[in-house]
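Below: one structure, written as structure tokens.
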Ligand code: CMP
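Numbering (the working numbering), first residue to last: 44 to 197.
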């Protein structure tokens, strides 16, 4: 089972329009992948620099760090077969203008910086990104059960 890290960015959490956070989480659930950890967090500058360390020195790096620390973000660990590819498919291209119709970035992204969502591109990314958000005891292993399992809670 593959794991990926997903982060909903401040252009979503700070937006007055409501329902976008829920819609994005719902799109993730509808892939059939399992959410194993979830947290709202405001990244420090140091955490953001570690998170985006592969982009250090690029022309957009400083803007990216300023933006991602401008408000709370929502981090998730998502697991399942081909999780990295499946989540990147529903995110769409990095630049919302180039993202296919029906993808998260097409529907909600504002520009290439404020593009609503981040998702790991590799196992190495996943390890670095998820360790900034979650300790081991915040990641849950659980199995889905049949609805009749809940009948005992009267
Ligand atoms: P994300 O998936 O979070 O990974 C790195 C981020 O850098 C990316 O989304 C964009 O928000 C941003 N980014 C990538 N390429 C560019 C670019 N050419 N100009 C500005 N920002 C970029």
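Ideal Cβ positions, reconstructed from N, Cα and C, are used throughout, including at glycine.
Cβ separation of residue i and residue j, assumed to be a contact under 8 Å, to the nearest whole Å
i: residue 116; j: residue 60; result: Contact doesn't hold; Cβ gap of about 17 Å is too wide.
i: residue 84; j: residue 118; result: 6 Å
i: residue 70; j: residue 147; result: 6 Å
i: residue 186; j: residue 124; result: With 8 Å as the limit, residue 186 and residue 124 do not qualify as a contact, their Cβ atoms being about 16 Å apart.
i: residue 47; j: residue 177; result: Incorrect: roughly 13 Å between the Cβ atoms, too far for contact.
i: residue 76; j: residue 142; result: About 20 Å separates the two Cβ atoms, so there is no contact after all.
Closer than 7 Å: residue i CB and nearest the ligand CMP heavy atom
i: residue 183; result: no
i: residue 86; result: no
i: residue 103; result: yes
i: residue 69; result: no
i: residue 57; result: no
i: residue 98; result: yes
i: residue 161; result: yes
i: residue 137; result: yes
i: residue 153; result: no
i: residue 196; result: no
i: residue 95; result: yes
i: residue 156; result: yes
i: residue 81; result: no
Buried versus exposed call for residue i [16 or more other C-beta atoms within 10 Å across all chains shown]
i: residue 152; result: buried
i: residue 95; result: buried
i: residue 154; result: exposed
i: residue 161; result: buried
i: residue 214; result: Not covered by the structure: residue 214. The range shown for the chain is 44 to 197.
i: residue 197; result: exposed
i: residue 163; result: buried
Three-state secondary structure (DSSP) of residue i
i: residue 107; result: helix
i: residue 47; result: strand
i: residue 55; result: helix
i: residue 79; result: strand
i: residue 84; result: strand
i: residue 62; result: coil
Taking only runs that begin and end inside the stretch 121 to 177, name each unbroken alpha helix (DSSP H) of 4 or more residues, in chain order. 126 to 134, 147 to 151, 166 to 176
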